[in-house]
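Right, one structure below, let's go through it.
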Ligand code: IPD
Ligand code: CA
Ligand code: CA
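Numbering (my numbering), first residue to last: 7 to 308.
Structural data, given as structure tokens:
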């Protein structure tokens, strides 16, 4: 007699509806991407398109129909029912710059936070569900707290690579206050110490890729809750680890996220510590020094 195994998806509370909403939103993004959209500026270099706004509106309508007593906090300005126990963080289009330039790498991200009634506004609740959908690859990443993470319905796990030296890692750069951001130094150091660093342009997909074992780690400065809420749960449910750069607890508004497969986490935290202290920085030739060497080489072959 074969024992009947229960379908893990049957126990999910929020993911099935959220996944349907993310798929519908992703289908709209696909249409906008195919037809091409005009780009506007939110700041100096922060891009926004009609797709970002239209899809946030669609997600807001669908979430309100499906979960009428849940709050919604969206990148494009939605602030609904934020006094409620549950709150969705919505990024209707993560990877707008890719989208606007015709690069097929972007997604929809929906993360659900559960907030105890007595929680202070600056305190985090618990992220209980997350859905990230890449509409062009038709890849749907889902997680619900305590029930694991999946890609298109199959369980995913973070990678088993034990050292940074054998890792492929990812980062991103903010579009606001770019001149104030030190990440290029970290980019260089991680490049020298790993198989490489990808700057693929969608933080939510970067996190989903850590959860699915494609990247060993991801870090970024100055992200917002709509970028990270869904992805951090995916990473944790896939057996990875999330923290700030010092290894302390991650906070939705802490502006530091370090995600990894767990195995290389301590090594990464140690590296951040050393680099922030100015230790172990590898010398890099200035463009001028490089130009002098280049000129000397050209002189020799003449
Ligand atoms: C951006 C992307 C990018 C990251 C930026 C984010 P957006 O989100 O996630 O990868 O480097 O910091 O702002 O603006 O495309 O939703
Ligand atoms: Ca984003
Ligand atoms: Ca966005």
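Backbone N, C-alpha and C fix where the C-beta goes; we use that ideal spot for every residue, glycine too. These figures come from a predicted structure and were not determined experimentally.
Selected residue, minimal CA-CA separation from residue i, among the options
i	options	result
residue 112	159, 175, 171, 212	212
residue 263	179, 185, 290	179
residue 134	91, 163, 255	91
residue 229	265, 253, 38	265
residue 173	221, 158, 141, 72	221
residue 160	244, 117, 124, 167	244
residue 282	38, 142, 44, 187	187
residue 190	163, 201, 225	225
residue 261	250, 267, 308, 280	250
residue 268	233, 184, 280, 218	218
residue 270	196, 79, 223	223
Sequence-distant residues of its chain with Cβ nearer than 6 Å to residue i (five each side left out)
i	result
residue 87	77
residue 68	27
residue 154	161, 243
residue 73	none
Cut-off 8 Å between Cβ atoms - residues of its own chain near residue i, not counting five sequence neighbours on either side
i	result
residue 58	81, 82, 98, 99, 102
residue 194	288, 290
residue 53	45, 46, 47, 102, 103, 106, 181
Residue i beta carbon near ligand 1 (any heavy atom closer than 8 Å)
i	result
residue 49	no
residue 52	yes
residue 147	no
residue 186	no
Spatial neighbours of residue i in its chain, beta-carbon cut-off 7 Å, leaving aside the 5 residues before and after
i	result
residue 214	138, 147, 237, 240
Distance cut-off 8 Å: residue i Cβ against heavy atoms of ligand 2
i	result
residue 128	no
residue 100	yes
residue 232	yes
residue 222	no
beta-carbon residue i near ligand 3 non-hydrogen atom, thresh 8 Å
i	result
residue 94	no
residue 140	no
residue 58	yes
Bridge partners - residue i, DSSP secondary structure assignment
i	result
residue 120	92, 132
residue 245	In DSSP, residue 245 forms no bridge with anything.
residue 161	156
With 16 other Cβ atoms within 10 Å as the buried cut-off, status of residue i
i	result
residue 205	exposed
residue 275	buried
residue 136	buried
residue 231	buried
residue 62	buried
residue 278	buried
residue 44	exposed
residue 19	exposed
residue 303	exposed
residue 301	exposed
Check: residue i C-beta below 8 Å from any heavy atom of ligand 5
i	result
residue 97	This structure lacks ligand 5; its bound ligands are ligand 1, ligand 2 and ligand 3.
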